[in-house]
Amino acid sequence: MRNPLRPDAETVNQEESLAADYRLAQRCADGQVEAWEELYHEYHDRLLASIRVMLDVQHADASLVEEIAARVWYSLVENDGKLLLKYNPKRGASLMTYIRMLAKDLLRRHYRSERRRQDRERAVMNSRPSSHSQELDHSASTLDEFLGTLSSSERAFYEECLVSSGVANPAGLEYSSANVWQRTHRLYKRMLGFLNREG
9 MRNPLRPDAE TVNQEESLAA DYRLAQRCAD GQVEAWEELY HEYHDRLLAS IRVMLDVQHA
69 DASLVEEIAA RVWYSLVEND GKLLLKYNPK RGASLMTYIR MLAKDLLRRH YRSERRRQDR
129 ERAVMNSRPS SHSQELDHSA STLDEFLGTL SSSERAFYEE CLVSSGVANP AGLEYSSANV
189 WQRTHRLYKR MLGFLNREG
């Protein structure tokens, strides 16, 4: 019969593993390069696999997986390994579990940031039609006012040569190229003068 006061082999192994995790974290925080290399070699591939699971393996974007992993490593390295100093094996969690928690938190922040960005883009897109419609209404109103200042022959030329695809007037007379250019230039100058008065 096992002595209840004596820890079993599994418990001993777990405690030893947690103690080893803690020593590795402390060595990294102390700035030992070989410790950082050991940490990266031991946990990077497992971190990538964990992030893929969080994202749903079938729909995981490889670039996003790498980005989140890079953010995790940066968060561990910055401020002289301050986050590693917060790792406490007495809570019963392994260093890998601690690193997964960091990844999950960074992933939540990423999605919050993406939602805010998408909300801003939608707000901008939704505001454009109204503004664009007002500009079109104003332009149409201004054009109508300008057309009202034209003589009947100028209005006929505008409708026959500048609006429609034909180049014949209502009477069936064709405009010469030189005449079209002269009339168009004249209307253009008239319109500029009209718009300057409007401004």
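Under the working numbering, the first residue of the sequence shown is numbered 9, with each subsequent residue one higher.
Ideal placement from N, C-alpha and C gives every residue a C-beta, glycine not left out.
Would you mind sorting residue i into buried or exposed? The rule is 16 or more other CB atoms within 10 Å of its CB.
i, result
"residue 100", "exposed"
"residue 89", "buried"
"residue 24", "exposed"
"residue 155", "exposed"
Have a look at the options and flag the residue whose alpha-carbon is nearest the alpha-carbon of residue i.
i, options, result
"residue 76", "57, 28, 38", "57"
"residue 22", "119, 98, 41", "98"
"residue 194", "204, 134, 166", "166"
"residue 118", "74, 104, 92", "74"
"residue 83", "45, 114, 35", "114"
"residue 45", "81, 153, 151, 150", "81"
"residue 85", "187, 192, 28, 48", "48"
"residue 112", "156, 53, 62, 41", "62"
"residue 31", "55, 95, 72", "95"
Tell me the rounded alpha-carbon separation between residue i and residue j.
i, j, result
"residue 68", "residue 60", "6 Å"
"residue 50", "residue 108", "14 Å"
"residue 205", "residue 132", "33 Å"
"residue 37", "residue 124", "34 Å"
"residue 208", "residue 34", "There is no way to answer for residue 208, as the model of the chain reaches only from 9 to 207."
"residue 70", "residue 197", "59 Å"
"residue 192", "residue 150", "18 Å"
"residue 130", "residue 116", "21 Å"
Can you look up residue i in the DSSP assignment and give me helix, strand or coil?
i, result
"residue 158", "coil"
"residue 201", "helix"
"residue 2", "Residue 2 lies beyond the residue range present for the chain, which begins at 9 and ends at 207; the question has no answer from this structure."
"residue 48", "helix"
"residue 95", "coil"
"residue 64", "coil"
"residue 40", "coil"
"residue 174", "Residue placement at residue 174 is poorly supported in this model, since its pLDDT is 46, which falls under 50; the coordinates are not used for a value here."
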